[in-house]
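*Asks:* Throughout the sequence shown, residue numbering follows the UniProt record's numbering, covering 1 to 576 in sequence.
In this text, a Cβ means the ideal position worked out from N, Cα and C, and glycines have one as well.
Since this is a predicted model, take the numbers as computed values, not measurements.
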Amino acid sequence: MPTTYKNPVYPYRRPPELDVQDVRHYPVVIVGAGPSGLAAAIDLAQQGIHSIVLDDNNTVSVGSRALCFAKRSLEIIDRLGCVEPMLEKGVTWQHGRVFFQDREVYDFNLLPEDGHRIPAFINLQQYYFEEFLVNRAHDFAEQIDLRWKHKVIDVDAQPDSTAIKVSTQDGDYSLTCDYLLVSDGANSRIRDMLGLDCKGQVFQDRFLIADVVMKADFPTERWFWFDPPFHPNQSVLLHKEPDNVWRIDFQLGWDADPEEEKKEENIRPRVQAMLGPDVEFELEWASVYTFRCRKMDNFIHHSVIFMGDAAHQVSPFGARGANGALQGVENLAWKLARVLKAQAPKTLLSTYNTERQHGATENLLNSTRATDFITPKSHISKVFRDVTLELAEKHAFARSLVNSGRLSMPCRYDSSPLNTPDVDGGPSELRPGSSAKDAPIRLGEQNAWLLNQFGNGFVLLLDGRLDDGHATAPLRELSELLDRHTDLRLVVVGPAPDEFGALPRTTVIDDTEGLVTQRYGLKAGGGYLIRPDQHVTARWHTVTAHQVEDALDRALGIYLAGTADTTFQERCHAKA
């Protein structure tokens, strides 16, 4: 098969551990240089944490694999400093169409409002994404030790540290670490070594992914067919990728032979029937997969923490695999960084498990429902599906019942113990636990965006307008608060008193289009406390330094029951 992409080959380097007698200890070791592992290493590096990344291969993924990257994921990648090449290379889209048999039954728009820097979705082959992450990791040569062709062959996980044995072409070596982050894929070897389960459901159906190179008139939209004439009684999905590549997913049925279906002589007639006899194309890559929806009961085992597909898997419809994994990495990185720097108790890490169990459960539920609708397993469920599709053509109420994959949305941590109770209220979509919203702003004479002002720490987003001639927040209290919490930044929505400009780590922005005020429901003196992963943790109609201090303690896990972290307690006493 021809290919539009040539996989890079990254060099193996002899590890220094082979030339020393003692076993070296590191704060963080990451297993797997895929999207989750690389994103975690970059996120930690930006927050001052060194890591070693071990991968048993020496290149990026083969085949397009994960394809659809959602707005929230791109905002995360933007904070990691490598979204620009993705936006430049990726295919931007926000519209989708659903077909039943030979007619369109409805279309949808995933981002109907203006005033967003990041699009609803882009399509980009996983190998490009991984290559961009590797390039970005190279910018942190002092913080990230990226080792190719290093295979972990043994793991000894203890509550306070983990010892591993690594195999290379020059011999085996051992090392220890405070935390081992595992992102070695759906068939995780580390998970198996530790005897841990990943429980869930395997759906009795098979799908063929065919990446086809062609020049076509299809728009850059997501098209999904139920029971089309060119593939009767089954479903088909079409997406455009960069390089004139098109992703086509064909439902095959449980009885299909995966090895036979992957052969080009069997794929080509299916594609030709869909495109028509006169369309020329080349097959670039193909794979046959079975839906799996499963997760581990606990993503943390002693000092070993599981991420991405190693922790949870979903079926591909809905683009919840890679997007959910990136949300999980961002959830973990800021917490781990603060625990390692003794800025938070170790119990804060437990909230990675609770919050991301919620996220994984949400993704599994949506993925399972989509799979049940796409591949009905009984006569009555097929009748329900087909009647729903018939009604959707003319009746809006039925369109909400059509499920060709509920596309990835930001996870909201409503019940997180890190949230401050929301007594003041505000826009429901920005209640504590929600991810922050972006909006266009001005910085002096420059156009800019709100989320780009947040950085990698806590942010107090404050409405700094005057009320009855008085500043809406006591400046001295804010100054003292910023002195006590060096991890806190202040972003002030102007117009604001000039005195704000003298405060440390403070940015005054101009809400020229009024979208920050509108989306956050801001009023003079009001504000939001935003976590380092850009999730709202508290909000108030009238901000006081005492409220912010209390919310910071809560967000850092200090109120969690059973906190007994000696290092952290010693730091707190020294500070007092």
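1. From which residue to which residue does the beta strand (DSSP E) around residue 192 run?
2. With distance defined between alpha-carbon atoms, name the residue in 269, 465 and 546 nearest to residue 599.
3. Spell out the partners DSSP gives residue 151 in its beta bridges.
4. What number of angstroms, rounded off, separates the C-alpha of residue 170 from the C-alpha of residue 314?
5. Exposed or buried, residue 410, counting other C-beta atoms within 10 Å across all chains shown (16 or more means buried)?
6. In whole angstroms, what is the alpha-carbon distance linking residue 526 and residue 424?
7. Buried or exposed: which applies to residue 379, given that a residue is buried once 16 or more other Cβ atoms fall within 10 Å of its Cβ?
8. Take residue 20 and list the residues in its own chain whose beta-carbon comes closer than 8 Å to its own, dropping the five residues that flank it on each side.
9. Compute the Euclidean distance between the alpha carbons of residue 407 and residue 108, then round it to the nearest angstrom.
10. Using 8 Å for Cβ pairs, my map puts residue 335 next to residue 347. What's the rounded Cβ distance?
11. Going straight from the alpha carbon of residue 144 to that of residue 23, what length do you get?
12. So for residue 91, helix, strand or coil by DSSP?
13. Any idea what DSSP makes of residue 138, helix, strand or coil?
14. Apart from the five residues just before and just after residue 52, which ones in its own chain have a Cβ nearer than 6 Å to its Cβ?
15. In chain order, what residues of the same chain have a beta carbon less than 8 Å from the beta carbon of residue 267, not counting five sequence neighbours either side?
16. May I ask which residues mark the beginning and end of the beta strand (DSSP E) holding residue 381?
17. Starting from the Cα of residue 150, find the closest Cα among 10, 263 and 236 and give me that residue.
18. So, are the CB atoms of residue 500 and residue 493 less than 8 Å apart?
19. Any idea if residue 276 is buried or exposed, counting beta-carbon neighbours within 10 angstroms, 16 or more meaning buried?
20. How should residue 331 be labelled, buried or exposed, when 16 other C-beta atoms within 10 angstroms of its C-beta is the threshold for buried?
21. Using the rule of at least 16 other Cβ atoms within 10 Å of the residue's Cβ for burial, across every protein chain shown, is residue 61 buried or exposed?
22. Could you tell me if residue 219 is buried or exposed, where buried requires 16 or more neighbouring beta carbons within 10 angstroms of its beta carbon?
23. Sort out for me which residues DSSP pairs residue 350 with in a bridge.
24. Excluding the 5 residues preceding and the 5 following residue 197 in the sequence, name in chain order all residues of the same chain whose CB lies nearer than 6 Å to its CB.
25. Quick check on residue 153: buried or exposed, where buried means 16 or more other Cβ atoms within 10 Å of its Cβ?
26. So who's on the other strand from residue 198, going by DSSP bridges?
27. Nearest to residue 44 by alpha carbon, out of 159, 453, 548 and 329?
28. Given this structure, state the Cα-to-Cα distance separating residue 445 from residue 202, to the nearest angstrom.
29. State the Cα-Cα distance for the pair residue 272 and residue 397, rounded to the nearest angstrom.
30. With three or more beta-carbon pairs closer than 8 Å as the criterion, would you say the region 434 to 443 touches the region 361 to 381?
31. Which first and last residues belong to the alpha helix (DSSP H) in which residue 436 is found?
32. Please report the straight-line C-alpha distance between residue 484 and residue 371, rounded to a whole angstrom.
33. My understanding is that residue 54 touches residue 178, with C-beta atoms under 8 Å, so please give their C-beta distance in whole angstroms.
34. Taking 8 Å as the threshold, find out whether the region 183 to 198 comes into contact with the region 298 to 308 through three or more Cβ pairs.
35. Near residue 540, what residues of its chain come up, given a Cβ to Cβ distance below 7 Å and the 5 sequence neighbours on each side ignored?
36. What do you reckon, are the CB atoms on residue 481 and residue 543 nearer than 8 Å?
*Replies:* According to the structure data:
1. Here residue 192 refers to the residue found at position 192 of the sequence shown. Annotation for residue 192: no beta strand (DSSP E) segment contains it, though the alpha helix (DSSP H) segment containing it runs 189 to 193.
2. The chain is shown only over 1 to 576; residue 599 falls outside these bounds and no answer can be derived.
3. Your numbering for residue 151 matches position 151 in the sequence shown. For residue 151, which the question treats as bridged, DSSP gives the partners 167.
4. Here residue 170 refers to the residue found at position 170 when the sequence shown is read from its first residue. Here residue 314 refers to the residue found at position 314 when the sequence shown is read from its first residue. Rounded to whole angstroms, residue 170 to residue 314 spans 38 Å at the Cα level.
5. Within the sequence shown, the letter at position 410 stands for residue 410. By the neighbour-count rule (16 or more Cβ atoms within 10 Å), residue 410 is buried.
6. Reading the sequence shown from its first residue, position 526 is the one you call residue 526. Reading the sequence shown from its first residue, position 424 is the one you call residue 424. Taking the straight line from one Cα to the other gives about 10 Å.
7. The count along the sequence shown starts at 1 and reaches residue 379 at position 379. Exposed, because fewer than 16 other Cβ atoms sit within 10 Å of the Cβ of residue 379.
8. Here residue 20 is taken as the residue at index 20 of the sequence shown, counted from 1. Excluding sequence neighbours, residue 20 sits near nothing in its chain.
9. Within the sequence shown, the letter at position 407 stands for residue 407. Within the sequence shown, the letter at position 108 stands for residue 108. Distance between the alpha carbons of residue 407 and residue 108: 12 Å.
10. On the sequence shown, residue 335 is found 335 positions in, with the first residue counted as 1. On the sequence shown, residue 347 is found 347 positions in, with the first residue counted as 1. About 10 Å separates the two Cβ atoms, so there is no contact after all.
11. Along the sequence shown, one-based indexing puts residue 144 at 144. Along the sequence shown, one-based indexing puts residue 23 at 23. So the alpha carbons of these two residues sit roughly 19 Å apart.
12. Stepping through the sequence shown from its first residue, residue 91 is reached at position 91. Correct three-state label for residue 91: strand.
13. Residue mapping note: residue 138 aligns to position 138 of the sequence shown, counting from 1. Helix, per DSSP.
14. What you label residue 52 is simply residue 52 of the sequence shown in a count that begins at 1. These residues qualify, in order along the chain: 26, 29 and 145.
15. Here residue 267 refers to the residue found at position 267 when the sequence shown is read from its first residue. Cβ within range, chain order: 208, 210, 261, 283 and 286.
16. Mapped onto the sequence shown, residue 381 falls at position 381. Here residue 381 belongs to no beta strand (DSSP E); instead the alpha helix (DSSP H) covers 379 to 392.
17. Start at 1 with the first residue of the sequence shown, and residue 150 comes out as number 150. Of the listed residues, the one whose Cα sits closest to residue 150 is 10.
18. Taking the first residue of the sequence shown as 1, we reach residue 500 at position 500. Taking the first residue of the sequence shown as 1, we reach residue 493 at position 493. No, these two residues do not count as a Cβ contact at 8 Å.
19. If you number the sequence shown from 1, residue 276 lands on position 276. Residue burial is scored here from C-beta neighbours: residue 276 has fewer than 16 other C-beta atoms within 10 angstroms and is therefore classed as exposed.
20. Taking the sequence shown and counting its residues from 1, one reaches residue 331 at position 331. Buried, by the Cβ-count rule.
21. Locating residue 61 in the sequence shown gives position 61, where the first residue counts as 1. When all chains shown are included, residue 61 counts as buried.
22. Along the sequence shown, read from residue 1 onward, the residue named residue 219 stands at position 219. When all chains shown are included, residue 219 counts as exposed.
23. Your numbering for residue 350 matches position 350 in the sequence shown. The bridge partners DSSP lists for residue 350 come to none.
24. Numbered from 1 along the sequence shown, position 197 holds the residue referred to as residue 197. Here residue 197 has no same chain residue with a Cβ atom under 6 Å from its own Cβ, once five neighbours each way along the sequence are excluded.
25. Mapped onto the sequence shown, residue 153 falls at position 153. With fewer than 16 neighbouring CB atoms inside 10 Å of its own CB, residue 153 falls in the exposed class.
26. Start at 1 with the first residue of the sequence shown, and residue 198 comes out as number 198. Looking at the DSSP assignment, residue 198 forms no beta bridge with any residue, so it has no partner.
27. Position 44 of the sequence shown, counting from 1, holds the residue named residue 44. Among 159, 453, 548 and 329, the Cα nearest to that of residue 44 is on 329.
28. Indexing the sequence shown from 1 puts residue 445 at position 445. Indexing the sequence shown from 1 puts residue 202 at position 202. Going from the Cα of residue 445 to the Cα of residue 202 covers about 56 Å.
29. As a working mapping, residue 272 is identified with position 272 in the sequence shown. As a working mapping, residue 397 is identified with position 397 in the sequence shown. Approximately 35 Å, taken between the alpha carbons.
30. no
31. To locate residue 436, count along the sequence shown from 1; it is residue 436. Taken as a continuous stretch (DSSP letters only), residue 436 belongs to no alpha helix (DSSP H), as it is neither H nor E.
32. Locating residue 484 in the sequence shown gives position 484, where the first residue counts as 1. Locating residue 371 in the sequence shown gives position 371, where the first residue counts as 1. Answer to the nearest angstrom: the Cα atoms are 51 Å apart.
33. Taking the first residue of the sequence shown as 1, we reach residue 54 at position 54. Taking the first residue of the sequence shown as 1, we reach residue 178 at position 178. The pair is not a contact, with the Cβ atoms about 16 Å apart (cut-off 8 Å).
34. yes
35. Working through the sequence shown from its first residue, we reach residue 540 at position 540. Closer than 7 Å at the Cβ level, and outside the excluded window around residue 540, lie 424, 526, 527 and 547.
36. Locating residue 481 in the sequence shown gives position 481, counting from the first residue. Locating residue 543 in the sequence shown gives position 543, counting from the first residue. Contact flag unset, no.
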